[in-house]
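Residue 279 in my numbering is what sits at position 279 of the sequence shown, and the numbering runs on without skipping anything.
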Amino acid sequence: MKIVIAPDSFKESLTASEVCDAIETGFATVFKEADIIKIPMADGGEGTAAALKETLSGQWQSIIAHDPLMRPIEASYVLLPNQTAIIEMASCAGLHLLTQSERDPSIATTYGVGEMLLDAIDKGAKHIILGIGGSATNDAGTGMLKALGYRFLDSQHHELAQGGKALAALAFIDSSGVSDKITDISITVACDVTNPLCGKLGASHVYAPQKGATLDDIVILDNALSHFANIASRQNFPDNRNEAGAGAAGGLGFALMTFLSATLTGGFQLVSEFSNLEQMVQQADLVITGEGKMDFQTSMGKVASGVLSIAKAVNVPVIAICGVVDDPHSHWKDDGFTIAIPSIQTLSSLDEALALAKQNVEKTAYNIAMAMQLGQQLNR
Numbered sequence: 001m002k003i004v005i006a007p008d009s010f011k012e013s014l015t016a017s018e019v020c021d022a023i024e025t026g027f028a029t030v031f032k033e034a035d036i037i038k039i040p041m042a043d044g045g046e047g048t049a050a051a052l053k054e055t056l057s058g059q060w061q062s063i064i065a066h067d068p069l070m071r072p073i074e075a076s077y078v079l080l081p082n083q084t085a086i087i088e089m090a091s092c093a094g095l096h097l098l099t100q101s102e103r104d105p106s107i108a109t110t111y112g113v114g115e116m117l118l119d120a121i122d123k124g125a126k127h128i129i130l131g132i133g134g135s136a137t138n139d140a141g142t143g144m145l146k147a148l149g150y151r152f153l154d155s156q157h158h159e160l161a162q163g164g165k166a167l168a169a170l171a172f173i174d175s176s177g178v179s180d181k182i183t184d185i186s187i188t189v190a191c192d193v194t195n196p197l198c199g200k201l202g203a204s205h206v207y208a209p210q211k212g213a214t215l216d217d218i219v220i221l222d223n224a225l226s227h228f229a230n231i232a233s234r235q236n237f238p239d240n241r242n243e244a245g246a247g248a249a250g251g252l253g254f255a256l257m258t259f260l261s262a263t264l265t266g267g268f269q270l271v272s273e274f275s276n277l278e279q280m281v282q283q284a285d286l287v288i289t290g291e292g293k294m295d296f297q298t299s300m301g302k303v304a305s306g307v308l309s310i311a312k313a314v315n316v317p318v319i320a321i322c323g324v325v326d327d328p329h330s331h332w333k334d335d336g337f338t339i340a341i342p343s344i345q346t347l348s349s350l351d352e353a354l355a356l357a358k359q360n361v362e363k364t365a366y367n368i369a370m371a372m373q374l375g376q377q378l379n380r
């Protein structure tokens, strides 16, 4: 029997690789001769670099960059043998880096993202895979562009402060000092967000509130980002403000498309292609996936749903092992999962559940394998 194990990470408890190991241990105890292939997965957000590192034999690289408030911070990314770097912008510009009282998308910057890009290029990267989930910023990527050599000037030729709010005073974009290093690289952005840059569905209105923006901030930021797009267009940069994903990560998607000619693609699609998931599933007898919680969001581009779609296309059964399964007896079978099982089987506190996550996943996998073995015996 050939089994493909392709889960997402379990947030705050297990990496995707650790989930793979736990499921493998549980199944291998029962099916000792099974051919088990482990493919740690991610959806382009947190855990993407770690998942692809395991699959593609990458190495972690560290850099002292700047966080959203321009404080030095150690950030890491993965460099693959094929001159590809995998960077998660949240490692230097993530919301999790700020306390509740520090969150202010009016001044938060993506400067550190540009520093990480330059470091990866200096270390030989020719292609960048950039995950842009979890941002603290709403600066339309101008912080990143500053790190790359762009200057954003007001009418007095003074350089603007960091953050999206300052863009309201933008008069001119100076690209004369842009680093030559970025001209020979290609960038693929893992992004499932389809929002435009501005307007009621744009970065400021939809995402800035969760980053600390007040109602007044939202209006100011939206106007500032619209003004930035106007200035860029007047200077003959492509007008991508209404492109799907332009509003991702506080407008970082716009900057990546407009100034760096980046390509945006679905996060799960990108990771699955790099991992050769489809080819592996076609050869499998069983696929096991999972994530920390299966709920209404699972079908919205999450890993378990993506794995299921690939397996359904070739009629391979799929089992989902998750920390928590929302209403496990309702619609999951209708969606196509053979079964969706929560690994938390007893009452416990959140801290206990997180501490015992690997043990619970392993035990759940073992119980599933035992049930499968019994089914095989009964069918003889």
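Glycine is no exception: its CB is placed at the ideal position from the N, C-alpha and C atoms.
Residues in its own chain within less than 8 angstroms of residue i by CB, not counting five upstream and five downstream?
{"i": "K123", "result": "Q61, L79, A85"}
{"i": "R103", "result": "L95, A136, K211, G212"}
{"i": "C198", "result": "S204, D222, L225, S226, A229, R241, G247"}
{"i": "A168", "result": "I220, N223, A224, H227"}
{"i": "A28", "result": "A34, I36"}
{"i": "N379", "result": "none"}
{"i": "S466", "result": "No statement about residue 466 is possible, as the shown extent of the chain runs from 1 to 380 and does not include it."}
{"i": "E159", "result": "R151, F152, L153"}
According to DSSP, is residue i part of a helix, a strand, or is it coil?
{"i": "T188", "result": "strand"}
{"i": "V316", "result": "coil"}
{"i": "R151", "result": "strand"}
{"i": "A166", "result": "helix"}
{"i": "K11", "result": "coil"}
{"i": "V324", "result": "strand"}
{"i": "I218", "result": "helix"}
{"i": "H127", "result": "strand"}
{"i": "V361", "result": "helix"}
{"i": "K293", "result": "strand"}
{"i": "H66", "result": "strand"}
{"i": "D119", "result": "helix"}
{"i": "F27", "result": "helix"}
Take residue i as the anchor and find which of the options has the nearest alpha-carbon.
{"i": "Y111", "options": "S101, A369, P72, I121", "result": "P72"}
{"i": "F254", "options": "T265, G266, D239, G267", "result": "D239"}
{"i": "S175", "options": "A90, N195, A190, R151", "result": "R151"}
{"i": "F337", "options": "G266, D351, C322", "result": "C322"}
{"i": "L350", "options": "A340, V4, V324, N276", "result": "V324"}
{"i": "T258", "options": "Q279, S275, S233", "result": "S233"}
{"i": "L145", "options": "F274, Q373, D8, Q162", "result": "Q162"}
{"i": "N367", "options": "I319, N236, R380", "result": "I319"}
{"i": "G251", "options": "L286, M89, L69", "result": "M89"}
{"i": "T265", "options": "K200, L277, T214, D192", "result": "D192"}
{"i": "I129", "options": "K53, D335, E278", "result": "K53"}
{"i": "G149", "options": "G177, A355, H157", "result": "G177"}
{"i": "L354", "options": "V303, L97, G292", "result": "G292"}
With a CB to CB cut of under 7 angstroms and the five nearest residues on each side skipped, what residues in its chain are close to residue i?
{"i": "K358", "result": "L14, E18, A22"}
{"i": "G45", "result": "G131, G133, G134, G267"}
{"i": "P81", "result": "S57"}
{"i": "E278", "result": "S272, I310"}
For residue i versus residue j, is the C-beta spacing smaller than 8 angstroms?
{"i": "A147", "j": "G164", "result": "no"}
{"i": "T289", "j": "V307", "result": "yes"}
{"i": "I173", "j": "L260", "result": "no"}
{"i": "I39", "j": "A6", "result": "yes"}
{"i": "V271", "j": "A311", "result": "no"}
{"i": "T109", "j": "G143", "result": "yes"}
{"i": "A190", "j": "T55", "result": "no"}
{"i": "A262", "j": "T194", "result": "no"}
{"i": "A294", "j": "A340", "result": "In the sequence as displayed, the identity of residue 294 is Met instead of Ala. Yes; because the gap between Cβ atoms is below 8 angstroms, this pair is in contact."}
{"i": "D8", "j": "A50", "result": "no"}
{"i": "C92", "j": "A120", "result": "no"}
{"i": "I3", "j": "A284", "result": "yes"}
{"i": "K181", "j": "L256", "result": "no"}
{"i": "V30", "j": "Q377", "result": "no"}
{"i": "D154", "j": "L170", "result": "yes"}
{"i": "V361", "j": "S343", "result": "yes"}
{"i": "L286", "j": "M70", "result": "no"}
{"i": "G26", "j": "A369", "result": "yes"}
Ordered along the chain, which non-local residues of its own chain (more than five positions away) have a Cβ less than 6 angstroms from that of residue i?
{"i": "H127", "result": "T84, S186"}
{"i": "D217", "result": "S106"}
{"i": "E115", "result": "A65, A147"}
{"i": "S275", "result": "I39, T55"}
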